[in-house]
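First comes the structure, then the notes that go with it.
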Amino acid sequence: MSKQTFDVGVALYNGFTSAMTEAVNNARKSVKKGGGDPAVTGGYLILGGWVGIWIGIMAGFQGGLISLGQIAIAAGYCLKQGFKRTWSLVYKPKRLRGTTFFLAGFILVLLHYTFIGCLLETVGFVCILGYDHLLVV
Numbered sequence: 000m001s002k003q004t005f006d007v008g009v010a011l012y013n014g015f016t017s018a019m020t021e022a023v024n025n026a027r028k029s030v031k032k033g034g035g036d037p038a039v040t041g042g043y044l045i046l047g048g049w050v051g052i053w054i055g056i057m058a059g060f061q062g063g064l065i066s067l068g069q070i071a072i073a074a075g076y077c078l079k080q081g082f083k084r085t086w087s088l089v090y091k092p093k094r095l096r097g098t099t100f101f102l103a104g105f106i107l108v109l110l111h112y113t114f115i116g117c118l119l120e121t122v123g124f125v126c127i128l129g130y131d132h133l134l135v136v
């Protein structure tokens, strides 16, 4: 008899991916019908991304959940603000250090060095938005 094991990370990953797939399919249907608002869809993607990152951290830094959450946040921000405003926020010369740290952290998360990647992303996020945003958090 083979012993079956239950992996919490795999279960959370499967649940999160099915929920996000359903949200994206619903958003696609509403946009095709002409009644969808990209800003609302972007807000839901951002919310789902933060939930995915939180679940990924609580499940012991599961790289798959964290990277899916990051992709959802990036896509949601592009939908909510527009691609041109997102591009101008991230790729200004004075924010190039923050962008570099953020992208390096994102790549490390994809390569399953999640803890170091999350730290680099946090540094990049702070460098992109500025240090005065730390007072809000």
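First residue of the sequence shown? That's 0 in numbering that gives the first Met the number 0, and the numbers climb one at a time after it. Positions of the beta carbon are idealized from the N, C-alpha and C atoms, including for glycine. These numbers were taken from a predicted model, which means no experiment stands behind them.
| query | result |
| --- | --- |
| Which of helix, strand or coil does DSSP assign to Val136? | Residue confidence for Val136 is low, a pLDDT of 47 falling below 50, so the modelled location carries little weight and cannot support an answer. |
| For Leu118, which option in Gly47, Leu64, Phe60, Asp36 has the closest C-alpha, if you only look at C-alpha atoms? | Phe60 |
| How should Gly129 be labelled, buried or exposed, when 16 other C-beta atoms within 10 angstroms of its C-beta is the threshold for buried? | exposed |
| I need the DSSP call for Leu110, collapsed to helix, strand or coil. | coil |
| Taking Gly14 and Leu44 to be in contact with their CB atoms under 8 Å, please state how far apart those CB atoms are, rounded to whole angstroms. | 17 Å between Cβ atoms; not a contact. |
| Apart from the five residues just before and just after Ile115, which ones in its own chain have a Cβ nearer than 7 Å to its Cβ? | Leu107 |
| In whole angstroms, what is the alpha-carbon distance linking Phe82 and Ile65? | 23 Å |
| Which runs of the beta strand (DSSP E) fall wholly inside the segment 20-86 and span at least 3 residues, in chain order? | none |
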